[in-house]
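Peer 1: 102 is the number that UniProt numbering gives to position 102 of the sequence shown; each next residue is one higher, with no gaps. Note that the Cβ used here is the ideal one computed from N, Cα and C, for glycine as well. Everything numeric in this text was worked out from a predicted model, so none of it was measured.
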Amino acid sequence: MSQVARKVNDIGSSWPPEVSHKPTMSIGRVHEIIVKEFPSVSQAKLRNFEKHGIVSPARMSNGYRGYSLADVERIRYALKAQRDSYLPLNQIGENLRLLDLGEEPLPVQPVMRVVASEGQMRLPTHSRISLRDLQVYTGASDELLEKAVNAKLIAPDFSSRFSAGAVAVVQALEVLEKQGIEPRNLRSVYSAVNAILDLVDRVVAPERQKNNAVAKDRAQMRATELSAQLAALAEALLTVGVEEL
């Protein structure tokens with residue numbers, strides 16, 4: 001191969017043009033690179049980026065996907081856009097398409113968000129999100145989300161939207177799924193949590209039923225404190241139980 005041909009193969013026309021487009025890495029290697037900056041990112045989420053056209057890895061002779069340094073940069077761009085600008089994947093994909101054409105990406109519209117100290121995106125506590133957004137934020141598969149709904153671990157409201165807390169639930173389910181634990185195996189956990197919530201509700205009910213805002217706020221604070229204390233107790237009991245296995 002001539003040097004000119006090699007240069008054309010190594011440096012592509014898509015964004016970023018100055019980085020090698022030669023597919024030399026497996027998805028595992030890409031994950032090793034990306035996870036250093038984005039610890040919660042799974043290989044499943046990286047594959048989800050391919051479905052949305054963020055990257056288009058080459059098919060190698062062995063049938064596996066091959067990723068380039070340019071793919072890594074496009075993934076990094078997408079993750080930063082999700083984390084820092086709260087962009088959905090369709091807008092990220094459009095921005096990358098414009099960058100591929102040498103044009104400026106779409107301006108970012110200000111949105112309501114909270115970013116935790118470790119750099120992970122956190123949604124406002126009382127916000128509601130669609131099923132599609134839930135998938136965008138977590139990278140979860142349609143199958144996992146369907147299983148989670150069927151197991152009642154996450155529940156849509158009458159308008160088919162989910163609470164912000166569903167993001168953390170689904171992220172935990174993704175981790176457990178890798179350990180071979182399916183959502184249907186977690187119904188006992190769901191029942192145990194509901195039992196704890198019933199206990200908290202009984203304790204704070206007298207305060208919450210008072211007809212003034214101060215009492216209701218006090219009841220909410222008390223419920224939060226009790227929940228944390230009971231969660232700590234559950235963790236301690238689990239620790240003891242594991243030691244006795």
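Output the boundary residues of the beta strand (DSSP E) element that contains residue 61.
Peer 2: Unbroken run through residue 61: none, as it is neither H nor E.
Peer 1: Distance, Cα to Cα, residue 111 vs residue 127?
Peer 2: Bear in mind that the predicted position of residue 111 carries a pLDDT of just 44, short of 50, making it too unreliable to give a figure here.
Peer 1: For the putative contact between residue 105 and residue 90, defined by C-beta atoms under 8 angstroms, what is the C-beta separation to the nearest angstrom?
Peer 2: With a Cβ gap of about 13 angstroms, residue 105 and residue 90 do not count as contacting.
Peer 1: If I measure Cβ to Cβ from residue 118 and keep anything under 7 angstroms in the same chain, skipping five residues before and after, which residues do I get?
Peer 2: Any reading at residue 118 needs caution, since the residue's pLDDT is 45, under 50, leaving its predicted position unreliable; the model's value is listed next. None.
Peer 1: By a C-beta neighbour count over all protein chains shown, 10 Å radius and 16 as the cutoff for buried, is residue 181 buried or exposed?
Peer 2: Counting Cβ neighbours within 10 Å, residue 181 comes out exposed, since fewer than 16 surround it.
Peer 1: Write down the C-beta distance between residue 222 and residue 204 rounded to the nearest angstrom, noting that I regard them as a contact closer than 8 angstroms.
Peer 2: Contact holds; Cβ gap of about 5 angstroms.
Peer 1: Can residue 30 and residue 75 be called in contact, C-beta distance under 8 angstroms?
Peer 2: Contact: yes.
Peer 1: Does residue 116 come out as helix, strand or coil in the three-state DSSP assignment?
Peer 2: Residue confidence for residue 116 is low, a pLDDT of 46 falling below 50, so the modelled location carries little weight; the figure read from the coordinates is stated next. In the structure shown, residue 116 sits in coil (DSSP, three-state: anything other than H, G, I, E or B).
Peer 1: Measuring alpha carbon to alpha carbon, tell me which residue in 209, 23, 79 and 201 is nearest residue 63.
Peer 2: Considering only alpha carbons, the answer is 23.
Peer 1: In the structure shown, what three-state DSSP assignment does residue 26 receive?
Peer 2: Coil.
Peer 1: Counting pairs of beta carbons, one from the segment 210-218 and one from the segment 166-183, are three or more of them closer than 8 angstroms?
Peer 2: Flag = no, the segment 210-218 and the segment 166-183 do not touch.
Peer 1: Measuring alpha carbon to alpha carbon, tell me which residue in 33, 226, 131 and 40 is nearest residue 70.
Peer 2: It is 33 whose Cα lies nearest to the Cα of residue 70.
Peer 1: Can you check whether the CB of residue 38 is closer than 8 angstroms to the CB of residue 78?
Peer 2: Not a contact, by the Cβ cut-off of 8 angstroms.
Peer 1: Return the residue from the list 198, 242 and 15 that minimises the CA-CA distance to residue 102.
Peer 2: Per the Cα distances, 15.
Peer 1: Sort out for me which residues DSSP pairs residue 128 with in a bridge.
Peer 2: Paired residues: 163.
Peer 1: Quick check on residue 66: does DSSP put it in helix, strand or coil?
Peer 2: Of the three classes helix, strand and coil, the one that applies to residue 66 here is strand, per DSSP.
Peer 1: According to DSSP, simplified to helix, strand and coil, what is residue 20?
Peer 2: Residue state, collapsed to three classes: strand.
Peer 1: Which residues in the same chain as residue 87 place their Cβ atom closer than 6 angstroms to its Cβ, once the five residues preceding and following it in sequence are excluded?
Peer 2: 81.
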